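Per my numbering, the sequence shown starts with residue 94, numbered consecutively.
Notes to accompany the following structure.
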Amino acid sequence: MSEALEIIGQEVRSCTKCRLYQGTRNGVPGEGNPRAEILFVGEGPGQQEDRQGRPFVGPAGHLLTEMLGRAGLQREDVFITNIVKHRPPGNRDPMPDEIEACSEYLERQVAAIKPILIVTLGRHSMMQFFGPDARITRVHGSVRPWRNILAYACFHPAAALHQPKYREMLEADFDGLPRALEQARRQAAQQAGAASDGPGETTANDGGDDAGPPSQMSMF
Ligand code: URA
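This is the structure:
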């Protein structure tokens with residue numbers, strides 16, 4: 094864990110910025126590879142996560158680990174966190190003011206990890222990166238530019254646990270993840286190339302397959 098992530102973790106564990114800490118056992122800052130290419134962002138800790146202080150360690154977490162395997166990934170490869178870091182009572186949806194209060198931690202985690210791809214798990218996480226009007230049923234399995242990186246929307250594993258019809262869609266989302274990662278890697282490489290070329294110069298890739306405007310970056 095990098096020093097910056099350690100500090101964020103300590104602050105999260107003693108955070109009282111919103112009501113959510115009340116009645117919880119542990120803040121759940123997140124865990125994983127501090128230099129991960131992919132940052133997974135879920136909704137909020139559940140009962141098991143609150144008990145253990147770790148993200149996605151309950152039933153939804155086991156399914157997430159399985160889905161990561163489908164995409165050729167292990168938990169240690171990625172960083173996993175949530176938009177709110179304390180468990181909402183009874184696993185209710187996080188409220189807008191709670192998401193807002195917690196957003197500083199996610200911002201600082203993004204700045205420390207510098208992922209090239211953010212994978213959203215669930216509707217509330219998706220809306221942070223795809224915008225408040227985006228619909229999960231429409232955007233899941235697709236990427237969109239977010240700042241200078243990409244965001245990729247997935248259904249939440251818990252949805253597949255509660256309603257079997259979502260299982261296939263969740264699997265399809267994770268089957269599409271390697272392709273989203275390749276796209277993110279190409280974009281990162283292009284940006285690194287453009288930065289080292291300096292202002293005013295062009296590269297052989299300019300105008301190539303992946304050089305379209307952001308509106309053309311949807312995967313499917
Ligand atoms: N669901 C989430 O969104 N996050 C967790 O950490 C666990 C379950």
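Using N, Cα and C, we set each Cβ at its ideal position, and we do this for glycine too.
As the structure is a computational prediction, the values presented were derived from the model and not from experiment.
Item                                                                                                                            : Value
C-alpha gap between residue 127 and residue 212, whole angstroms                                                                : 16 Å
Cβ-based burial, residue 251 [other Cβ within 10 Å; buried from 16]                                                             : buried
Whole-angstrom distance between residue 111 and residue 164, CA atom to CA atom                                                 : 36 Å
Proximity winner among 167, 131, 161, 125, relative to residue 148 (alpha-carbon distances)                                     : 125
Entirely enclosed beta strand (DSSP E) segments - the region 200-250, minimum 3 residues                                        : 210-214, 236-239, 242-247
Outcome for residue 207 when other beta-carbon atoms lying within 10 angstroms are tallied against a minimum of 16              : exposed
Candidates 277, 261, 108, of which the one nearest residue 243 by Cα                                                            : 277
Unbroken beta strand (DSSP E) run spanning residue 132, endpoints                                                               : 131-135
Residues that DSSP places opposite residue 124 in a beta bridge                                                                 : 173
N- and C-terminal bounds of the alpha helix (DSSP H) containing residue 140                                                     : 140-145
When 223, 266, 198, 230 are compared against residue 120, the one with the closest alpha-carbon                                 : 198
Residue span of the alpha helix (DSSP H) that contains residue 280, given as start and end                                      : 270-290
Test: residue 199 CB closer than 8 Å to a CB of chain C                                                                         : The displayed structure is made up of one protein chain only, and chain C is not part of it.
Distance cut-off 7 Å: residue 153 Cβ against heavy atoms of the ligand URA                                                      : yes
Cut-off 8 Å between Cβ atoms - residues of its own chain near residue 144, not counting five sequence neighbours on either side : 118, 119
Pairwise C-alpha distance: residue 181 and residue 138                                                                          : 7 Å
Spatial neighbours of residue 312 in its chain, beta-carbon cut-off 6 Å, leaving aside the 5 residues before and after          : Low local confidence applies: a pLDDT of 29 at residue 312 is under 50, so the model's placement there is unreliable, with the coordinate-based value given in what follows. If we look at residue 312 and ignore the five residues flanking it on each side, its Cβ neighbours are 235, 236.
Buried/exposed call for residue 255, threshold 16 Cβ in 10 Å                                                                    : exposed
Touching by the beta-carbon criterion (3+ pairs, under 8 Å), the region 169-188 and the region 99-115                           : yes
Separation of residue 142 from residue 188, as counted between CA atoms                                                         : 19 Å
Residues near residue 204 in its chain [Cβ-Cβ closer than 8 Å; skip 5 each side]                                                : 97
Buried or exposed (CB count within 10 angstroms, at least 16 for buried), residue 167                                           : exposed
Residue 103 (DSSP reduced to helix, strand or coil)                                                                             : helix
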